[in-house]
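Residue numbers (the numbering used here): 25 to 285.
Here is the structure we will look at.
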Ligand code: ADP
Ligand code: MG
């Protein structure tokens, strides 16, 4: 058997196994192997490493697409001096993602503009970087999807969808009161993830006013809070809105420029 046909068959194997990156790198790696007198092992290792890197990269890109995170900000972008009520050590601990291992939930509670979404999304980016399946949704979007699913007879599939990710981010719970059907959907999502998968949830409502999200149905609110809080980290952020802060800083700068002082 000639060297040439070995080469052709090797290419065919790589194509059959859909190892496109390795196939592409093959000629250069073969040249290098000959030039540097690489052992068979070293050559094979290099060839497979090329494919492993490519697959890993694809997986990460696909995880990132699936996660649907609404902004690129990571935990490292969070300015702690602007928000003294947030403990950097606690966020760093959460950023290690150990909480995901025992399906702990993280609740960010506070008024608008204090960085709840930014922190939840930052955890999302950390999870994606760690190769974890992650999904971001707002409570309103979740409610709308479940409503459509119910109409179209896809309820069970949709519930499985929300059970799937290791980390589910539910943003903006409580901004809008949820109709009974939406509350039931949220309740089911929380219930089926209970002790199985983490939820990072943001809300503008203190825990005491959660009944309002559920149209003053204290039973559903209570049952849901039980499951959410049983194993959880609650982060109350009570500082000023960061948006307002930048507005104020800009207004102040403008005022100074105008007054020349
Ligand atoms: P919330 O979800 O609490 O309403 P966001 O997370 O949407 O607030 O924050 C509002 C805006 O301010 C976003 O653009 C966010 O990136 C920015 N922001 C908020 N807090 C901080 C912070 N501590 N450091 C840097 N940017 C921040
Ligand atoms: Mg928000």
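A virtual CB, placed ideally from N, CA and C, is assigned to each residue, including glycine.
Every value quoted in this text rests on a predicted model; they were computed, and no experiment measured them.
Distance between beta carbons of residue j and residue i, contact taken as under 8 Å
i	j	result
residue 231	residue 194	Their Cβ separation, rounded to whole angstroms, is 15 Å, which puts residue 231 and residue 194 out of contact at 8 Å.
residue 141	residue 226	6 Å
residue 39	residue 74	Actually they do not touch by this definition, with Cβ atoms about 15 Å apart.
residue 163	residue 197	4 Å
Neighbourhood of residue i by C-beta distance below 6 Å, restricted to the same chain and skipping five residues each side
i	result
residue 158	91, 148, 151, 152, 189 and 191
residue 206	167
residue 173	179 and 182
residue 248	211 and 214
Given residue i as reference, the closest of the options once Cα atoms are compared
i	options	result
residue 113	126, 254 and 99	99
residue 119	105, 208 and 156	156
residue 103	139, 63, 76 and 201	139
residue 47	242, 78 and 126	78
residue 204	71, 31, 160 and 171	171
residue 97	248, 143, 29 and 124	143
residue 76	42, 233, 239 and 95	42
Any non-hydrogen atom of ligand 1 closer than 8 Å to residue i Cβ
i	result
residue 137	yes
residue 220	no
residue 113	no
residue 198	no
residue 214	no
Near ligand 2: residue i beta-carbon under 8 Å from a heavy atom
i	result
residue 195	yes
residue 158	no
residue 161	no
Inter-residue Cα distance where the pair is residue i and residue j
i	j	result
residue 131	residue 229	11 Å
residue 218	residue 109	28 Å
residue 60	residue 35	22 Å
residue 84	residue 106	32 Å
residue 67	residue 154	29 Å
residue 88	residue 283	48 Å
residue 202	residue 208	9 Å
residue 220	residue 145	20 Å
Residues near residue i by beta carbon distance below 7 Å, same chain, minus five either side
i	result
residue 58	none
Cβ neighbours of residue i in the same chain (closer than 8 Å, five flanking residues each side left out)
i	result
residue 262	109, 134, 135 and 138
Residue-level contact to chain B via CB, residue i, 9 Å cutoff
i	result
residue 214	Given the protein chain composition of this structure (a single chain), no chain B is represented.
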